[in-house]
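Protein chains: 2
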Amino acid sequence: MQKKKPTLQDVATQAKVSTATVSRCLNNPDMVRVEVQEKINRAIENLGYVPDGAARALASRRTQTLGVIVPTIDNSIFSKALQYLQNGITKANYTLLLANNDFSQEVELREVQSLLSRGIDGLVMVGAKHHPEIYKAIKRYQIPVVNLWIYDPESEYSCIGFDHIKAGNQIAKHLIDLGHKNFGVISGIRENNDRADERFRGLEQQIENAGFTLDEDHIVECHYTVENGSKSVHTLLDKNPDITAIICGNDILAIGAIHGAQERGLKVPEDLSITGFDNIEILPFLKPSITTINSPSRRMGEKAADYILQQIKDKTNNVERIELEAELIVRETTGPAPQI
Amino acid sequence: MQKKKPTLQDVATQAKVSTATVSRCLNNPDMVRVEVQEKINRAIENLGYVPDGAARALASRRTQTLGVIVPTIDNSIFSKALQYLQNGITKANYTLLLANNDFSQEVELREVQSLLSRGIDGLVMVGAKHHPEIYKAIKRYQIPVVNLWIYDPESEYSCIGFDHIKAGNQIAKHLIDLGHKNFGVISGIRENNDRADERFRGLEQQIENAGFTLDEDHIVECHYTVENGSKSVHTLLDKNPDITAIICGNDILAIGAIHGAQERGLKVPEDLSITGFDNIEILPFLKPSITTINSPSRRMGEKAADYILQQIKDKTNNVERIELEAELIVRETTGPAPQI
DNA sequence: CTGAAAGCGCTTACAG
DNA sequence: CTGAAAGCGCTTACAG
Numbered sequence: 001m002q003k004k005k006p007t008l009q010d011v012a013t014q015a016k017v018s019t020a021t022v023s024r025c026l027n028n029p030d031m032v033r034v035e036v037q038e039k040i041n042r043a044i045e046n047l048g049y050v051p052d053g054a055a056r057a058l059a060s061r062r063t064q065t066l067g068v069i070v071p072t073i074d075n076s077i078f079s080k081a082l083q084y085l086q087n088g089i090t091k092a093n094y095t096l097l098l099a100n101n102d103f104s105q106e107v108e109l110r111e112v113q114s115l116l117s118r119g120i121d122g123l124v125m126v127g128a129k130h131h132p133e134i135y136k137a138i139k140r141y142q143i144p145v146v147n148l149w150i151y152d153p154e155s156e157y158s159c160i161g162f163d164h165i166k167a168g169n170q171i172a173k174h175l176i177d178l179g180h181k182n183f184g185v186i187s188g189i190r191e192n193n194d195r196a197d198e199r200f201r202g203l204e205q206q207i208e209n210a211g212f213t214l215d216e217d218h219i220v221e222c223h224y225t226v227e228n229g230s231k232s233v234h235t236l237l238d239k240n241p242d243i244t245a246i247i248c249g250n251d252i253l254a255i256g257a258i259h260g261a262q263e264r265g266l267k268v269p270e271d272l273s274i275t276g277f278d279n280i281e282i283l284p285f286l287k288p289s290i291t292t293i294n295s296p297s298r299r300m301g302e303k304a305a306d307y308i309l310q311q312i313k314d315k316t317n318n319v320e321r322i323e324l325e326a327e328l329i330v331r332e333t334t335g336p337a338p339q340i
Numbered sequence: 001m002q003k004k005k006p007t008l009q010d011v012a013t014q015a016k017v018s019t020a021t022v023s024r025c026l027n028n029p030d031m032v033r034v035e036v037q038e039k040i041n042r043a044i045e046n047l048g049y050v051p052d053g054a055a056r057a058l059a060s061r062r063t064q065t066l067g068v069i070v071p072t073i074d075n076s077i078f079s080k081a082l083q084y085l086q087n088g089i090t091k092a093n094y095t096l097l098l099a100n101n102d103f104s105q106e107v108e109l110r111e112v113q114s115l116l117s118r119g120i121d122g123l124v125m126v127g128a129k130h131h132p133e134i135y136k137a138i139k140r141y142q143i144p145v146v147n148l149w150i151y152d153p154e155s156e157y158s159c160i161g162f163d164h165i166k167a168g169n170q171i172a173k174h175l176i177d178l179g180h181k182n183f184g185v186i187s188g189i190r191e192n193n194d195r196a197d198e199r200f201r202g203l204e205q206q207i208e209n210a211g212f213t214l215d216e217d218h219i220v221e222c223h224y225t226v227e228n229g230s231k232s233v234h235t236l237l238d239k240n241p242d243i244t245a246i247i248c249g250n251d252i253l254a255i256g257a258i259h260g261a262q263e264r265g266l267k268v269p270e271d272l273s274i275t276g277f278d279n280i281e282i283l284p285f286l287k288p289s290i291t292t293i294n295s296p297s298r299r300m301g302e303k304a305a306d307y308i309l310q311q312i313k314d315k316t317n318n319v320e321r322i323e324l325e326a327e328l329i330v331r332e333t334t335g336p337a338p339q340i
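Here the protein sequences come in this chain order: A and B. Mind the numbering: the first sequence is residues 1 to 340 in this note's numbering, read in order. Mind the numbering: the second sequence is residues 1 to 340 in this note's numbering, read in order.
Encoded structure:
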């Protein structure tokens, strides 16, 4: 009853050709006469033959699989990039082997080793800083790699992303231009997150250049949850009631921050300006709509797909560095600093 | 310079044992004497040996890989389930091969074939309705399968989820209890989405049982975007100005709907009640906070991991049907029907 | 354009 | 507890 899965050999036998010919018919049809192709295709259809990926990978040293490691899947900016990365590679009959590193370099190293061992033809990661062993391992496997979400003209590896320092500068400048002098920052955890760290440094630098200060008690670091955003507003304003602008590490924190401000009876932006980061889809529809910086998630996913597929196709491993724009989007949560 | 990747054979040679022993040392260490283990581990370390997944898969007929197909990655309820599914299987050294079907049965079929061909030890899908060929293909490969997001006590395949008809009932009942009589519905696209369809039928049934009607011009079907939520409110209210409650297919649509209501100068919930579905993280922090039904994404992901790993471990393929609660969460967007 | 044959790097009865 | 050997299902020079 339960038939065994047919193999290439079975197809060859039924079509009365060699396995080599069947293999060619599958992979390079134009190397095979049309009549023979038809015979083979009939046999394949007939037997319900499906090639075995493991055997194919072992013999050809290619897996038709790309590895991708994001910090967490459960964040719309990463899942959006994944979606478009996926769409891009599906056409070329590639599939994603997915892992997350949970913002830990050690976990990431293990995941990379696991992916490499399982067999991948290319690797996509997020951020510039990775465990040194990762780079060694990659070198060994000689596969194309690209780091998303960062842009560094000097980087040794390919990258597709934007300049987070510049992004931090932009936000701070926007608020300074509005007359704010006293800032609060609700940042994501900066350790092991070079993007969050550079954004922070960008805005700190801009604030200090403008002649203001950013003391330690004006800064909170926390994981990206709405609840943390809300709580942190209280933490900051309890200590420093005259903060007039709070810069959040991402939109989720900003949504929480608005909630926290409302709990304190503060009006946004009249009493307190708030900024986000990423520009998630719902932002323009919230009341008040949130000022933010747009993260080009979609384009990063698409371009990563293009880049890796191109390298595989050309059997090259060229370093490319693609800078994308991350523009400031001014909405309703930022306004002139209140007069005291 | 560029050394070849070491193989099991190299390890065996260096450790002066057979490849069989090295293989055992890797997979079933207690079948090997401790002293020999040490010799082998030293050689592995020394050579930087990493097993080849393809060869291993071909020889053992196991890939340590699970396939998962979601409608779209770019929706937090699915990405959240993925995150926990992933976490659950990582411990067992499994990795996810990820695909999305973009809400199309044909695409899903192709993806399933691709995953099976690539080699997976188990498969996780969303919803009950799949292309018939999918079930045939799965049968052939004899791997455990589980459908998430649905619960059907009669289903032929394992499922982990909740009853969408009941969920639809609950929402409608809540609004009816509040005195609403005239309803609008902004549903997701129901074709190829059994969850959306059953939710719709659940609420339709409850509304009609209560003696009210739900005409066609009280219903809009659209993709799950904030913008569609906002537009659809206008579509519905332009035609039927006396609708007092709008039931949305998910939270994203509901956020858009609130925006649309505000554009019309309507107060939520005083003039118009609005409900969502899924209970995404930010909901309680929005103003007004949104009444919704909680989708147990996290638990579905976790339980799917447990189920599949258990089946693989036991080499069984038992059908399990796990019902999870999807409770109504009443917040600020629903209130008594306005007096006319 | 096609075939015979080696080989990809493992695992696993089988025998001892 | 260990080894010799077959075999997993393909691909790919090589030869014709």
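Think of the CB as a built atom: it goes at the ideal place given N, C-alpha and C, for glycine as much as any other residue.
Residue i and residue j closer than 8 Å at C-beta
| i | j | result |
| --- | --- | --- |
| valine 356 of chain A | leucine 26 of chain A | With chain A represented from 1 up to 340, any question about residue 356 of chain A goes unanswered, as that position is not in the structure. |
| serine 79 of chain B | serine 79 of chain A | yes |
| aspartate 278 of chain A | isoleucine 77 of chain A | yes |
| serine 232 of chain B | histidine 259 of chain B | no |
| alanine 128 of chain A | aspartate 152 of chain A | yes |
| glutamine 113 of chain B | alanine 137 of chain B | yes |
| proline 269 of chain B | glycine 335 of chain B | yes |
| asparagine 240 of chain B | aspartate 271 of chain B | no |
| phenylalanine 285 of chain B | glycine 256 of chain A | yes |
| asparagine 169 of chain A | glutamine 205 of chain A | yes |
| leucine 237 of chain A | arginine 264 of chain A | yes |
| proline 338 of chain A | threonine 244 of chain A | yes |
| valine 185 of chain A | isoleucine 160 of chain A | no |
| glycine 202 of chain A | asparagine 250 of chain A | no |
| isoleucine 252 of chain A | alanine 167 of chain A | no |
DSSP bridge partner residues for residue i (one or two, in chain order)
| i | result |
| --- | --- |
| leucine 123 of chain A | A:Gly67 and A:Val145 |
| aspartate 278 of chain B | B:Asn294 |
| asparagine 100 of chain B | B:Val70 |
| isoleucine 312 of chain B | Beta-bridge pairing links isoleucine 312 of chain B to no other residue. |
| cysteine 248 of chain A | A:Ile186 |
| serine 273 of chain A | A:Ala245 |
| leucine 283 of chain B | Answer by DSSP bridge pairing: none, since leucine 283 of chain B is not bridged. |
| serine 158 of chain A | A:Val146 |
| valine 34 of chain B | Valine 34 of chain B pairs with nothing; no bridge assigned. |
Cutoff 6 Å; reference residue i; Cβ partners in own chain excluding five residues on either side
| i | result |
| --- | --- |
| phenylalanine 212 of chain B | Lys181 |
| alanine 254 of chain B | Cys248, Ile274, Gly276 and Ile290 |
| arginine 331 of chain B | Ser289, Ile290 and Thr291 |
| valine 319 of chain A | Ser158 |
Cutoff 7 Å; reference residue i; Cβ partners in own chain excluding five residues on either side
| i | result |
| --- | --- |
| threonine 19 of chain B | Leu8, Gln9 and Ala12 |
| glutamine 2 of chain A | Here the model assigns glutamine 2 of chain A a pLDDT of 46, short of 50, so the residue's position is not dependable, and the following value carries that caveat. Around glutamine 2 of chain A: no qualifying Cβ. |
| arginine 190 of chain B | Ala196, Asp197, Phe200 and Glu221 |
| glutamine 105 of chain B | His130, His131 and Asn192 |
| proline 29 of chain B | Gln37 |
Proximity winner among the options, relative to residue i (alpha-carbon distances)
| i | options | result |
| --- | --- | --- |
| tyrosine 84 of chain A | A:Tyr307, A:Leu309, A:Gln339 and A:Lys303 | A:Lys303 |
| leucine 58 of chain B | B:Glu106, B:Glu191, B:Ala81 and B:Gly119 | B:Gly119 |
| alanine 92 of chain A | A:Ile312, A:Glu270, A:Met300 and A:Gln105 | A:Ile312 |
| tyrosine 49 of chain B | B:Val185, B:Leu283, B:Val70 and B:Gln14 | B:Gln14 |
| asparagine 4 of chain B | A:Arg62, A:Gln142 and A:Met125 | It is worth fixing the name first, because residue 4 of chain B is lysine in this sequence and not asparagine. For the residues A:Arg62, A:Gln142 and A:Met125, the minimum Cα distance to lysine 4 of chain B belongs to A:Gln142. |
| leucine 309 of chain A | A:Leu66, A:Thr292 and A:Asp102 | A:Leu66 |
| aspartate 194 of chain B | B:His131, B:Asp251 and B:Gln86 | B:His131 |
| lysine 16 of chain B | B:Met31, B:Asn41, B:Leu266 and B:Thr244 | B:Asn41 |
| glutamine 262 of chain A | B:Val107, B:Ala261 and B:Lys287 | B:Lys287 |
| tryptophan 149 of chain B | B:Val124, B:Ile44 and B:Ser117 | B:Val124 |
| asparagine 101 of chain A | A:Val34, A:Asn192, A:Glu325 and A:Leu116 | A:Asn192 |
| aspartate 177 of chain B | B:Glu154, B:Asn209 and B:Ile165 | B:Asn209 |
| glycine 122 of chain B | B:Gln64, B:Asn87, B:Gly53 and B:Thr333 | B:Gln64 |
Residues near residue i in its chain [Cβ-Cβ closer than 8 Å; skip 5 each side]
| i | result |
| --- | --- |
| isoleucine 89 of chain A | Leu66, Thr95, Leu96, Ala305, Ile308 and Leu309 |
- [ ] Pull out every residue of the region 65 to 91 of chain A whose Cβ sits closer than 7 Å to any Cβ of chain B, in chain order.
- [x] Thr65, Thr72, Ile73, Asp74, Ser76, Ser79, Lys80, Leu82, Gln83 and Gln86
TODO: Mind checking the region 257 to 285 of chain B against chain A and listing, in chain order, the residues whose C-beta falls within less than 7 Å of any C-beta there?
DONE: His259, Gln262, Glu281, Ile282 and Phe285
Open item on the list: Taking beta-carbon pairs under 7 Å, can you tell me which members of the region 118 to 144 of chain A lie near chain B?
Closed with: Arg118, Gly119 and Arg140
- [ ] Identify each residue in the region 29 to 55 of chain A for which the Cβ-Cβ distance to at least one residue of chain B is less than 9 Å, and report them in chain order.
- [x] Gly48, Val50, Pro51, Asp52, Gly53, Ala54 and Ala55
TODO: Taking only beta carbons into account, state which residues of the region 287 to 304 of chain A come closer than 8 Å to chain B, listed in chain order.
DONE: Lys287
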